[in-house]
Amino acid sequence: RSVHLACPMSALSRGGPPRSVQEVWEDFSLSFTPAVREVVEFARHIPGFQDLTQQDQVTLLKAGTFEVLMVRFASLFDVRERSLRFLSGASYSLPELQAMGMGELLGSMFDFSEKLASLNLSQEELGIFTALVLVSADRSGMENASLVEQLQETLIRALRSLILKNSPNDISRFTKLLLRLPDLRTLNSMHSEKLLSFRVD
Amino acid sequence: FADPASNLGLEDIIRKALMGSFDDKPD
């Protein structure tokens, strides 16, 4: 049975021969593991992250890797053209992706990307925001939640200060950005459900 | 999440990356 994996990290190419589930997963793993390792490297460079217990570092990364990658890959979603460019370079229209069974999740990903893009974040703002996505004290199973919370508050203060410095006349920009955090949680849940159904299928 | 090529799950990949144990061998 041939399958498609409508994920920007998939090596899916246009007009290629039908591939088995095993082939699709093997292709996917070539980009998946390096992407996760990059997220871990990013986390290690967040000041204070390595002071957390190792179990909390793992818990935060396990819970937040998808959300970090979603932020990182948001620019692959072409909101105007309603298309998604995969890391392989191939570009797919929304209807093509919907035909692969990615309707609701994909639409929500486009909505998120559009909202994030509208904030015109600088690289520095995006970096602190991404750190904040990862360092969330309310993830379940934290060993030392207060230490994570301290780091989270430090990041929130740093982000707020930077955004106010960069946009002193737009006080809503910081609030709008923080509102993207629950959006990411929702996308994370939807993605987990999708992944589960893919495996079950 | 899982890496079918190496039979590693997301948590294993994270733990290995955190410990730097990916560094001593090629992917």
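Listed in order, the protein sequences are those of chains R and H.
Position one of the first sequence corresponds to residue 1 (this note's numbering), numbered consecutively onward.
Position one of the second sequence corresponds to residue 1001 (this note's numbering), numbered consecutively onward.
Backbone N, C-alpha and C fix where the C-beta goes; we use that ideal spot for every residue, glycine too.
Does the beta-carbon distance from residue i to residue j come in below 8 Å?
i                 : j                 : result
Thr65 of chain R  : Val36 of chain R  : yes
Ala43 of chain R  : Gln57 of chain R  : yes
Ala74 of chain R  : Phe112 of chain R : yes
Phe86 of chain R  : Ser10 of chain R  : yes
Glu125 of chain R : Ile163 of chain R : yes
Between the Cα of residue i and the Cα atoms of the options, which residue gives the shortest distance?
i                  : options                                  : result
Leu52 of chain R   : R:Val21, R:Ser118, R:Phe129 and R:Leu151 : R:Leu151
His45 of chain R   : R:Leu177, R:Val135 and R:Pro8            : R:Val135
Gly1009 of chain H : R:Glu104, R:Cys7, R:Phe32 and R:Pro8     : R:Phe32
Asn188 of chain R  : R:Glu38, R:Leu97, R:Leu179 and R:Ala63   : R:Ala63
Val79 of chain R   : R:Val68, R:Ser93 and R:Gly89             : R:Ser93
Mapping DSSP to helix, strand and coil, what is residue i?
i                  : result
Ser118 of chain R  : helix
Ser83 of chain R   : strand
Phe1001 of chain H : Unreliable placement is indicated for Phe1001 of chain H, whose pLDDT of 47 sits below 50; the coordinate value is still reported in the next sentence. Note: Phe1001 of chain H maps to coil in three-state DSSP.
Lys1009 of chain H : According to the sequence shown, residue 1009 of chain H is Gly rather than Lys. DSSP places Gly1009 of chain H in strand when its eight states are reduced to three.
Asp78 of chain R   : strand
Ala131 of chain R  : helix
Ser189 of chain R  : helix
Report yes or no: is there a C-beta of chain H within less than 8 Å of the C-beta of residue i?
i                 : result
Arg185 of chain R : no
Lys62 of chain R  : yes
Gln152 of chain R : no
Arg37 of chain R  : yes
Gln123 of chain R : no
Val40 of chain R  : yes
Thr33 of chain R  : yes
Thr130 of chain R : no
Gln98 of chain R  : no
Leu196 of chain R : no
Leu155 of chain R : no
Under 7 Å Cβ-Cβ, which residues of chain H neighbour residue i?
i                : result
Gly71 of chain R : Note that residue 71 of chain R is Val in the sequence shown here, rather than Gly. Here the premise fails: no neighbours, minimum Cβ distance about 17 Å.
Identify the contact partners of residue i in chain H, using a Cβ-Cβ distance below 9 Å as the criterion.
i                 : result
Val133 of chain R : Result: empty, since nearest Cβ-Cβ is about 16 Å, beyond 9 Å.
Val58 of chain R  : Glu1011, Ile1014, Arg1015 and Leu1018
Does any C-beta atom of chain B lie closer than 8 Å to the C-beta of residue i?
i                  : result
Ala1017 of chain H : Chain labels in this structure do not include chain B; the protein chains are R and H.
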